[in-house]
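For the sequence shown, UniProt numbering gives the first residue as 1, with consecutive numbering after it. Cβ atoms here follow ideal geometry from the backbone N, Cα and C, with glycine treated the same way. Fair warning: this is a prediction, and the values are worked out from it, not measured in the lab.
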Amino acid sequence: MPEGIDYAFGRPSTSALTSAGIKFVCRYLSHSPSKNLTASEARKLTDAGIWIVVVWETTAKRALAGKAAGAADATDARTQARACGMPDGRPVYFAVDWDASSGQQSAINAYLDGAASVLGRDQVGIYGGYGPVKRALDGGHATWAWQTYAWSGGRWDKRAHLQQYSNGHTIGGVGCDYDRAEKTDYGQWRVGATPGGDDDMALVCSLGVDGTQVIDAGTNADIKFTKEYSDKHGLHGENGVSVAIAPAAYWVNADALFELGGLAPGTKIDVAWTRVKDDGTFIDDPWRLTYTADENGTIRDQIGGQFGVDATNRLRMCVYNTSDQAVTVHGCLAKVSLLKY
């Protein structure tokens with residue numbers, strides 16, 4: 001089964017993780033930003049092919065605070081996880097980070113019930129020793145379990161998805177604990193991907209435009225897409241001009257149908273798929289073609305293209321109007337499919 005680690009402070013490089021054979025990392029969500037998973041970290045892990053699991057922990061015994069605390073923590077956990085790119089439907093583990101007694105279980109269960117009231121029971125996990133893990137699973141208060149060897153007396157609950165089996169290690173100069181997955185699905189995700197799901201499937205975005213867009217003579221402009229026919233992965237953004245903001249490194253298959261008008265017959269216009277940086281700085285035109293206006297001064301055509309994008313750039317569709325007259329975009333339909341390398 002896959003081997004992973006968990007760590008709080010410090011961030012091992014992805015090269016150090018892959019060199020150590022690490023397939024997944026368990027990372028924190030909390031009210032302490034210094035130990036939390038960040039969006040940039042999640043993207044780097046995703047680009048390196050490393051899976052992510054998230055656990056919520058503020059203080060070790062926070063789970064004794066009851067149902068309202070569980071609901072509040074789950075609300076914050078969901079917000080933080082989504083900001084890091086966690087897909088919907090993935091669980092959050094909630095920490096019971098002490099040798100919890102059976103007499104404390106009712107408070108722990110109430111805390112987990114509070115989390116379930118926000119996330120749904122199927123997205124609530126527990127981290128802890130053998131006793132609280134077993135009791136929470138027995139009572140149906142958690143669906144997912146990450147058991148630590150601590151406070152377990154050598155016993156392992158076979159229902160646990162993850163086992164934390166050794167601590168006090170270092171990878172890439174960062175202290176960590178060793179974990180192993182005991183189930184195929186242990187709550188892991190990557191930005192824009194879930195196991196056996198989107199990771200092996202294309203991320204698809206289909207867009208269109210309403211109205212017209214005028215591009216002045218001697219200028220170039222990105223087509224602004226104002227209609228989303230399909231974009232469940234949230235690729236389209238930046239006020240419509242970015243056709244795709246990739247969550248990680250992907251191979252793109254792009255295609256668009258467009259109509260340009262208001263030109264003199266025979267006028268030549270370039271249309272391109274354009275890559276820009278996060279701040280909008282031009283990188284290149286990986287696919288650029290020249291088109292000629294027909295006898296009516298219209299260009300109705302198609303542009304395809306295959307190329308790579310990653311989390312540091314955006315894909316746009318640009319019209320280069322080098323003529324001495326304005327060109328009007330009368331319509332455009334675009335579809336991009338992103339496949340993992």
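Cβ shell of residue i (< 6 Å), same chain only, five flanking positions each side left out
| i | result |
| --- | --- |
| G237 | I245 |
| D73 | W56 |
| G305 | A254, W273, W287 |
| S13 | G172 |
| S166 | Y178 |
| T46 | R190, V191, A248 |
| H233 | G192, L203 |
| A116 | V124 |
| F307 | V252, P286 |
Proximal residues to residue i (C-beta, below 7 Å), its chain only, five neighbours per side dropped
| i | result |
| --- | --- |
| A16 | I171, G172 |
| D294 | P265 |
| E228 | L207, H236 |
| A150 | G129 |
| A20 | I171 |
| M1 | R180, A181, E182 |
| A39 | A83, C84, G85 |
Simplified DSSP assignment, three categories, for residue i
| i | result |
| --- | --- |
| D69 | Contrary to the premise, residue 69 reads as Ala rather than Asp in this sequence. It is helical. |
| D199 | Only weak support exists for where D199 lies, its pLDDT of 49 falling under 50; the coordinates are left without a value. |
| S19 | helix |
| T194 | coil |
| A326 | coil |
| K44 | helix |
| G211 | coil |
| R155 | coil |
| L333 | strand |
| V54 | strand |
| Y111 | helix |
| T219 | strand |
| V96 | coil |
| P33 | helix |
| G103 | helix |
| Q188 | coil |
| Y149 | coil |
Closest Cα partner of residue i within the set the options
| i | options | result |
| --- | --- | --- |
| A81 | A72, L338, V55, G70 | V55 |
| D279 | R190, T312, Q302 | T312 |
| G187 | T292, S19, A145, Y130 | A145 |
| P87 | Y111, V53, C205 | V53 |
| G10 | V25, E3, M1, P2 | V25 |
| N83 | A68, D301, A42 | A quick correction: the sequence has Ala, not Asn, at residue 83. Of A68, D301, A42, the residue nearest in Cα terms is A42. |
| D285 | D301, G297, R314, T292 | R314 |
| L162 | L137, G154, C176, E182 | E182 |
| residue 360 | R155, G70, D138 | Because the chain here runs from 1 to 341, residue 360 falls outside it and cannot be looked at. |
| V329 | A221, Y250, N239, R135 | A221 |
| R275 | T58, R316, D231 | R316 |
Sub-9 Å separation of residue i and residue j beta-carbons
| i | j | result |
| --- | --- | --- |
| D97 | G128 | yes |
| V209 | C318 | no |
| V133 | V92 | no |
| V174 | G261 | no |
| V243 | F225 | yes |
| A334 | S206 | yes |
| K35 | A8 | yes |
| V271 | L289 | yes |
| V204 | S32 | no |
| H141 | D99 | no |
| I108 | L64 | yes |
| R180 | G66 | no |
| Q147 | D157 | yes |
| A136 | Q104 | no |
| I299 | T292 | yes |
Burial state of residue i (16 or more Cβ within 10 Å)
| i | result |
| --- | --- |
| Y111 | buried |
| H169 | exposed |
| Y320 | buried |
| A256 | buried |
| L29 | buried |
| F258 | buried |
| I223 | buried |
| A77 | buried |
| D6 | buried |
| I283 | exposed |
| G211 | exposed |
| R155 | exposed |
| T79 | exposed |
| A160 | buried |
| T143 | buried |
Proximal residues to residue i (C-beta, below 8 Å), its chain only, five neighbours per side dropped
| i | result |
| --- | --- |
| S323 | A217, G218, L263, A264, T267, K268, I269 |
| T18 | A48, G49, I50 |
CB contact below 9 Å: residue i versus chain C
| i | result |
| --- | --- |
| Y7 | Considering every chain present, this structure includes no chain C. It has just one protein chain. |
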